[in-house]
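Numbering (the working numbering), first residue to last: 40 to 536.
This is the structure we're talking about:
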C-alpha cells in the first residue's frame, strides 16, 4: 500500500467527516449540478420563444387564459421556433448523453472515477455557460450543438459514480450512502425548476445558464481537491479510516478473474427483456414530465415563469419523498418475509407505472383547473418514486457479478426515450392545445402500462444463471494495489451477500 505523506496525515486531522462520506456528499452535489444544468433549458425555453395567442373558447382545443391574478405572465421571447423545433432542441441533450454512457464506465474503470466524473461535469458546466452566446450567435442550430456537447459530458456521471462508490463504500454502508448520492437527481430537478423561474423573472433567462454553469465549475474545483479515485491514493485520509476501508473492502470476495461478459446469455434472458421493457416505460413517462411539464404549464395553463418554476418543482419534491419511503418499505417487506424479492420489485414497479399513467391522463381532463392539475401531476410523480425500490434494483438482484453491465444496457436503452419523447411531443402539439397534449399523455399511458405488464409477468428478483459462470474468486488485497485502485476492476455497484 502506498505510504501516506506526512503532510497528508497532518492535514487529515482537520477533517471531522470521514472521507467516504465527503465523497458521497460530493457525488450527491455532482448529480444535483448535472440535473440543474440539464433541466434549466426547459424553463428558459418558455420565455425564449414567441408565445401563441390564447384561444380559450371552452373546448378541448383551447389554451387556457392567463390568470388575472398571475402577474408577470410573459408573452414570450424573440425566437419563432415551432413546437417541433423546440422538441428537437430539448431532445438534443440526450443524443450526446447516450453516446458516452458506456464509454464513461470503461474510462472510469481504466483511469479511475475521479477525473472521469470531474471532467464530465466541468465540460457540461462550460457548455452551459456558453449557451446564451450560442443562442445569440447561432440561434437554434448552435443551441442544438451546445446541448449535444453538454450531453456528451454528462453521460459519464452515473458510470463514474458507480465505480467511485464501489471503491470507497463498504457493502454494509452502500444502502444509505447510495441513497444519499442518487437523491441528487430529484433535488437537482427541484432546484433547477424552482430557481430557474425565480432567476428568469428577476435577472433574465441568460443568468440561469451562468449561475448553474458557474456552480458546476465551483463544484469541480472543490471535488478535485477533496476526492480521489480510491482510499489508497488519497493523501489526507485519516489513517484509521484508510485501514478500515482496506480491511472492509479488501475482505470482500471480488471476482477479479471474471470471464468475458456473457452477452448472448444476457441478451436472450427473459427477465432481462422484462427489465429493459420496464426501463423504457419509466423513462418514457419520466422524460415527458421532466422535459415538457414546464412547457405544458406555460403553453396550456399559462402560468407565469415564476409560478411555473414553483409548480413544476412540486411533483419532484413528492417523488423524492416517496423514493426514500418506498425503499424502507421494500426492505421491510423482504426482510420480514412478507413478500419475496421478485414480488416486491414487481409491486413497486407496478405502482410506479400504473399510478402515474392514470394521474397523468387525469390531469389532462382537469382542463384549466390549475390547482387540480398541479395536484394530479404531483401525485403522478410521487407514485413514480416507487421505481427506485422496484426495477431500479433488479440488476443487483439478477446478477451481482454483472450488475454494472446490466445497468449500462438498461440505462442506455432507456435514455433513447430522452431523444424520442421531447421531439415527439413537439410533433404532436403544433398548436400547444389541451386536446393535443391529452393525446401525448394517452400515448404515455399506453407505453407505461404495456411495459409494466411485461415486467410484472416475466421479471425476476432471483440470481440468473449467467451470473454463475465458472470463475476463480479471490480476495482483493489493497496492499498489492499500488498501481491501480479497486475501481479499476469494479463493475458498478456490485454487492456481496
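Where a beta carbon is used, it is the ideal one built from N, C-alpha and C, also for glycine. Model, not experiment: these values are computed from the prediction.
For residue i, the nearest candidate out of the options (CA to CA)
i, options, result
"residue 320", "380, 491, 496 and 497", "491"
"residue 361", "343, 385, 350 and 390", "390"
"residue 385", "501, 264 and 303", "501"
"residue 206", "262, 460, 152 and 434", "152"
"residue 103", "504, 471 and 488", "471"
"residue 251", "116, 161 and 467", "161"
"residue 436", "479, 60, 315 and 503", "503"
"residue 254", "322, 312, 337 and 70", "70"
"residue 264", "58, 507, 497 and 432", "58"
"residue 128", "149, 87 and 140", "87"
"residue 398", "465, 56, 481 and 60", "481"
"residue 307", "75, 505, 80 and 357", "505"
"residue 222", "377, 72, 440 and 378", "72"
"residue 183", "124, 410 and 440", "124"
"residue 476", "488, 444, 209 and 407", "407"
"residue 217", "192, 432, 463 and 465", "432"
"residue 444", "83, 144 and 126", "144"
"residue 195", "146, 356 and 80", "146"
"residue 154", "119, 166, 177 and 198", "198"
"residue 570", "219, 76, 281 and 394", "The shown model of the chain, from 40 to 536, leaves out residue 570, and the question about it has no answer."
"residue 451", "220, 485 and 322", "322"
"residue 141", "493, 449 and 400", "449"
"residue 381", "119, 499, 120 and 309", "499"
"residue 149", "268, 55 and 239", "268"
"residue 74", "193, 118, 116 and 117", "193"
"residue 494", "274, 479, 311 and 239", "311"
"residue 61", "240, 280, 117 and 354", "280"
"residue 240", "83, 209, 364 and 353", "83"
"residue 414", "459, 118 and 353", "353"
"residue 54", "117, 274 and 313", "274"
"residue 79", "329, 375, 177 and 378", "329"
"residue 287", "438, 208, 349 and 316", "208"
"residue 405", "474, 266 and 56", "474"
"residue 479", "496, 283, 400 and 348", "400"
"residue 383", "271, 430, 467 and 485", "430"
Whole-angstrom C-beta distance between residue j and residue i, which should lie under 8 Å
i, j, result
"residue 237", "residue 90", "That pair is no contact at about 20 Å."
"residue 333", "residue 85", "6 Å"
"residue 340", "residue 412", "6 Å"
"residue 262", "residue 168", "Residue 262 to residue 168, Cβ: 18 Å. No contact."
"residue 483", "residue 327", "6 Å"
"residue 158", "residue 203", "In fact, because the Cβ distance is near 14 Å, the residues do not count as touching under 8 Å."
"residue 81", "residue 120", "About 14 Å; that fails the 8 Å criterion."
"residue 396", "residue 487", "4 Å"
"residue 541", "residue 122", "Given that the chain is displayed from residue 40 to residue 536, the structure contains no residue 541 and the question cannot be resolved."
"residue 417", "residue 336", "Actually they do not touch by this definition, with Cβ atoms about 12 Å apart."
"residue 220", "residue 200", "6 Å"
"residue 376", "residue 427", "So it is not a contact: roughly 22 Å between Cβ atoms."
"residue 441", "residue 305", "7 Å"
Residues sharing a beta bridge with residue i, DSSP
i, result
"residue 88", "118"
Residue-level contact to chain B via CB, residue i, 8 Å cutoff
i, result
"residue 87", "No chain B is part of this structure, which consists of one protein chain only."
Taking three-plus beta-carbon pairs below 8 Å as touching, is the region 364-379 in contact with the region 238-258? Too few Cβ pairs lie closer than 8 Å, so no.
When you compare the region 228-235 with the region 159-178, are there three or more beta-carbon pairs, one atom per stretch, that lie closer than 8 Å? Taking a cut-off of 8 Å on C-beta distances, the region 228-235 does not touch the region 159-178, as fewer than three cross pairs fall below it.
Contained alpha helix (DSSP H) runs [length at least 4] in the region 368-451, N- to C-terminal order: 380-404, 409-423 and 433-437, all fully within the region 368-451.
Determine, using beta-carbon pairs with one atom in the region 119-133 and one in the region 455-465, whether at least three such pairs fall under 8 Å. Contact annotation: the region 119-133 touches the region 455-465, with at least three C-beta pairs closer than 8 Å.
Quick test of the definition: if touching needs 3 or more C-beta pairs under 8 Å, does the region 174-193 touch the region 136-152? Yes: the two stretches touch, three or more of their Cβ pairs being nearer than 8 Å.
Ignoring anything shorter than 3 residues, give me the beta strand (DSSP E) runs that lie fully in the region 137-163, in order along the chain. Here no run is fully enclosed.
Below 8 Å, can you find three or more Cβ-Cβ pairs linking the region 254-270 to the region 55-71? A contact is defined here as three or more CB-CB pairs under 8 Å, and the region 254-270 meets this definition with respect to the region 55-71.
I'd like to know if the region 421-431 and the region 390-407 are in contact, where contact means that at least 3 CB-CB pairs between them fall below 8 Å. As far as the Cβ criterion goes, the region 421-431 touches the region 390-407, which means the pair count is three or higher.
Those runs of the alpha helix (DSSP H) which lie wholly inside the region 215-254 and span at least 4 residues: You should have 223-242.
Which ranges would you report for the beta strand (DSSP E) in the region 178-204 if only whole runs of at least 3 residues count? Listed in chain order, there is nothing to give.
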